[in-house]
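First up is the structure itself, then whatever we jot down about it.
In my numbering, the protein residues as written are 14 to 223.
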């Protein structure tokens, strides 16, 4: 990847910031004596540091997974669904890239009438992409196997807890229902927090993009 440079204060206005503001810049080599300069207000991510469409897409898929883990909220069970969705989309995108690599290799071999060192190198890239997609899919399966808390599962425990604390017969029905609902909410919230923490623990198993 190209070296990324940080400028604390721009000497003049440019395409990403005004004079005196900070920015990043880097160059993509396009030939022995040619290059393309890029700039960004924020530090560039890996997907921006390549001119390869396929590599950029695979890196972007990995970044989307990373972002979904970063957005996990211990109070929101749906945030785990966002991780699963990101994994599904990433797996699909990377498999598509693998297919495109294989198609390129096949077209090259058809053109030459035989395999070449270049077509074999492209096949290796396809294999690497396929392996990356498999790792993403395996991670998705592991996360989907984590049991999602169900609020109704805590009703019995909540009723028993209320009965231990007070004489339920002394409570009006509405008061009893309200007390049970409150305890159910507390237990459910605690379970959701634990569930999200468990999902977050899988972040370390997220495969690294190429």
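Backbone N, C-alpha and C fix where the C-beta goes; we use that ideal spot for every residue, glycine too. Fair warning: this is a prediction, and the values are worked out from it, not measured in the lab.
Close beta carbons around residue i, own chain, < 6 Å, minus the five adjacent residues each side
i	result
residue 56	37
residue 133	none
residue 72	59, 60, 222
residue 159	211
Cβ shell of residue i (< 8 Å), same chain only, five flanking positions each side left out
i	result
residue 108	142, 143, 146
residue 69	60, 61, 63
Span of the alpha helix (DSSP H), counted from its first residue to its last, around residue i
i	result
residue 164	It is not in any alpha helix (DSSP H) - residue 164 carries neither H nor E in the DSSP assignment.
residue 138	130-157
residue 178	168-178
Residue i: first and last residue of the uninterrupted beta strand (DSSP E) it sits in
i	result
residue 42	36-42
residue 20	18-20
Cα-Cα separation, residue i to residue j
i	j	result
residue 94	residue 45	47 Å
residue 15	residue 29	19 Å
residue 167	residue 214	24 Å
residue 82	residue 125	45 Å
residue 122	residue 43	26 Å
residue 154	residue 19	40 Å
Cβ pair residue i, residue j closer than 9 Å
i	j	result
residue 79	residue 219	yes
residue 162	residue 96	no
residue 77	residue 102	yes
Alpha helix (DSSP H) runs contained entirely in the segment 40-108, provided each spans 4 or more residues: Here the runs fully enclosed are 66-83.
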